[in-house]
Amino acid sequence: MTQQNTNTPVSVIGAGLAGCEAAWTLANAGVPVKLYEMKPHCYSPAHKYQGFAELICSNSLKAARIGSAAGMLKEEMRILGSITMEAAAHTDVSAGGALAVDREKFSDYITEKINAHPLITVIHERVDEIPQGKVIIASGPLTESHLAQSIAKLCGEEYLSFFDAAAPIVTFESLDQDKVFFAARYGRGEDDYINCPMDKEQYELFYNELINAQSADLHEFEKQEFKVYEGCMPVEVMAKRGADTLRYGPLKPVGLTDPNTGRRPWAVVQLRAENREGTLYNLVGFQTNLKFPEQKRVFSLIPGLEHAEFVRYGVMHRNTFLNSPKLLTSAFCMKEHPDIYFAGQMTGVEGYVESAASGILAGKNMARAILGKEPLLLPADCMLGALSRYIADGSLHDFQPMGANMGILPPWPERVKDKTLRYEKIAERGLSHLKEYLEALDQ
Numbered sequence: 069m070t071q072q073n074t075n076t077p078v079s080v081i082g083a084g085l086a087g088c089e090a091a092w093t094l095a096n097a098g099v100p101v102k103l104y105e106m107k108p109h110c111y112s113p114a115h116k117y118q119g120f121a122e123l124i125c126s127n128s129l130k131a132a133r134i135g136s137a138a139g140m141l142k143e144e145m146r147i148l149g150s151i152t153m154e155a156a157a158h159t160d161v162s163a164g165g166a167l168a169v170d171r172e173k174f175s176d177y178i179t180e181k182i183n184a185h186p187l188i189t190v191i192h193e194r195v196d197e198i199p200q201g202k203v204i205i206a207s208g209p210l211t212e213s214h215l216a217q218s219i220a221k222l223c224g225e226e227y228l229s230f231f232d233a234a235a236p237i238v239t240f241e242s243l244d245q246d247k248v249f250f251a252a253r254y255g256r257g258e259d260d261y262i263n264c265p266m267d268k269e270q271y272e273l274f275y276n277e278l279i280n281a282q283s284a285d286l287h288e289f290e291k292q293e294f295k296v297y298e299g300c301m302p303v304e305v306m307a308k309r310g311a312d313t314l315r316y317g318p319l320k321p322v323g324l325t326d327p328n329t330g331r332r333p334w335a336v337v338q339l340r341a342e343n344r345e346g347t348l349y350n351l352v353g354f355q356t357n358l359k360f361p362e363q364k365r366v367f368s369l370i371p372g373l374e375h376a377e378f379v380r381y382g383v384m385h386r387n388t389f390l391n392s393p394k395l396l397t398s399a400f401c402m403k404e405h406p407d408i409y410f411a412g413q414m415t416g417v418e419g420y421v422e423s424a425a426s427g428i429l430a431g432k433n434m435a436r437a438i439l440g441k442e443p444l445l446l447p448a449d450c451m452l453g454a455l456s457r458y459i460a461d462g463s464l465h466d467f468q469p470m471g472a473n474m475g476i477l478p479p480w481p482e483r484v485k486d487k488t489l490r491y492e493k494i495a496e497r498g499l500s501h502l503k504e505y506l507e508a509l510d511q
């Protein structure tokens, strides 16, 4: 392929974790960058500190051990030259088995590094329209309205969400197979759903705990949007309309027979495959605003889910994100507009570390495109490779943002009963394959 001129700067919109990683990666590849950041002239409703890469909700970057999904992803980021991981190493605070940082020192470290890089020009102004030329959009889940409208115009409004209303997702292997069964209503079509049958006593216990469970707090700016959001109703709100509302809604048992009893259940919770491998399933109709511990407690009362591993809890909050499988490749590049990339939570990755990691990959692939090279296709068994494939997976029935979790990786081929040991083996395999892949690129 013909090598292109690298003198024209790439515009990166947003100096959050993803934008800083993208700018840092591009600049270290010899590509000049214009990094646009609206602070300190203008702030989103959630941001307060004027520095880059501001951590809002928590100072924790999750588990440090390699045998965890977050720990595995962080090690991959170190291998890929992450400025987030460099900053965390210089600003960490004691947090047991987690990696936590001093928020202001962390932000200051990245801000100083970005400002000092000779190939990065920081422009403090709000971007209302997508710039011409090569662009990485990393404006975050609270993207300002003018830019959001520009993105909607580019992508198609039906492919852009402004409120994340998602159901919990569990791993298939954690379900009690003796209590659940595959079936479609009235036997129509393939047995695509896993059914969790309830008798009257089980349902009443679940119902009473659900309507009395604690909901998560919303930001003030979310409360107004929550009132007018009509895309879907939280399952706990629906339940409060009457004891049988769920039984005539998402938990209706009609057309289903429990093979263990030979009878129709009193109520049925259905699970639908979240990925083509069938390793993840979401609880159909269970979008919720309950606190995460409450979700674990209440939803574990559902037969078959007593020991379920939740890889994502249900959420209902302000979150601008794309229907990425329709719009993006696994390189984080737009299918229809190859000069435009996205990074961060807007792509459907969820979490600080995941957002930063997507910025690295978007930056590397933009740099490779400018240099006339093929995009990176990281191994499917490393965490960033699996996440990048997830956001581009056209087989997903209902795309929901996803954080790092072991359920999106290929399972270990042999039975290892000890989950900690099994996850360590999976992590070691993925990290080894990532290193081999990157070494082969340099040959």
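Each residue of the sequence shown is one higher than the one before, starting from 69 at the first, in my numbering.
Every residue gets a Cβ at the ideal spot worked out from N, C-alpha and C, and that includes glycine.
- Contact between Ile191 and Ala411 is absent: CB atoms are separated by about 18 Å, not below the 8 Å threshold.
- C-alpha of Glu404 to C-alpha of Leu395: approximately 8 Å in a straight line.
- For the set Tyr316, Ala132, Ala216, the Cα lying nearest the Cα of Glu197 is the one of Ala216.
- A direct Cα-to-Cα measurement between Ser283 and Lys268 gives close to 25 Å.
- When the five nearest sequence neighbours on each side are left out, the beta carbons in the same chain lying within less than 6 Å of the beta carbon of Asp160 are those of Val169, in order along the chain.
- Counting along the chain, the unbroken alpha helix (DSSP H) around His214 starts and ends at 213-223.
- Within 10 angstroms of the beta-carbon of Ser229 lie 16 or more other beta-carbons, which makes it buried.
- For Phe378, the enclosing beta strand (DSSP E) begins and ends at 378-380.
- For Ala157, no beta strand (DSSP E) segment is defined; the enclosing uninterrupted segment is the alpha helix (DSSP H) at 151-159.
- Around Tyr271, the same chain offers Trp334, Ala335 as residues with beta carbons nearer than 6 Å, after the five sequence neighbours per side are excluded.
- Taking C-alpha positions only, Gln338 is separated from Val352 by approximately 6 Å.
- In the structure shown, the three-state DSSP call for Asn350 is strand.
- From the listed residues Leu273, Ser175, Val303, Leu477, the smallest Cα separation to Ala233 is found for Val303.
- Just measuring C-alpha positions, the residue of Phe400, Leu506, Glu143, Thr347 sitting nearest Ala437 is Phe400.
- Looking at the backbone, the Cα of Ser463 and that of Arg344 are separated by about 6 Å.
- Per DSSP, Lys102 is one residue of the beta strand (DSSP E) stretching across 101-104.
- Looking at the DSSP output, Thr189 bridges to Lys102.
- Annotated as distal: Gly317 and Ala206, with beta-carbon spacing of 8 Å or more.
- Across the structure, Asp176 and Ser162 are spaced so that their CA atoms are roughly 19 Å apart.
- With contact defined as three or more Cβ pairs closer than 8 Å, the stretch 349-366 and the stretch 232-248 are in contact.
- In this structure, the CA atom of Asn387 is about 22 Å from the CA atom of Leu429.
- The alpha-carbon of Leu499 is positioned some 11 Å away from that of Leu446.
- Every unbroken stretch of the beta strand (DSSP E) spanning 3 or more residues and falling wholly within the stretch 405-462 is given here in chain order: 408-410.
- Between the beta-carbon of Ser368 and that of Ser456 there is about 31 Å, and that puts the pair past the 8 Å contact cut.
- Beta-bridge annotation (DSSP): Ser229 is paired with Phe389.
- Distances from the CA of Lys320 to each of Pro481, Asn328, Arg332 were compared; the closest alpha carbon is that of Arg332.
- Under the three-state reduction of DSSP output, Gln363 falls in the helix class.
- In this structure, DSSP gives Ile205 an extended state, which the three-state scheme calls strand.
- Remark: C-beta atoms of Leu439 and Cys264 do not approach each other more closely than 8 Å.
- Taking the C-beta atoms as reference points, Gly149 is found no nearer than 8 Å to Thr488.
- Taking 8 Å as the cut-off, the beta carbon of Val78 is found closer than this to the beta carbon of Val99.
- Pairing Thr239 with Glu143 gives a Cβ-Cβ distance that is not under 8 Å.
- The Cβ atoms of Asp244 and His109 lie no closer than 8 Å to each other.
- The criterion of a C-beta distance shorter than 8 Å is not satisfied by Asp326 and Phe274.
- Under the three-state reduction of DSSP, Lys130 is assigned to strand.
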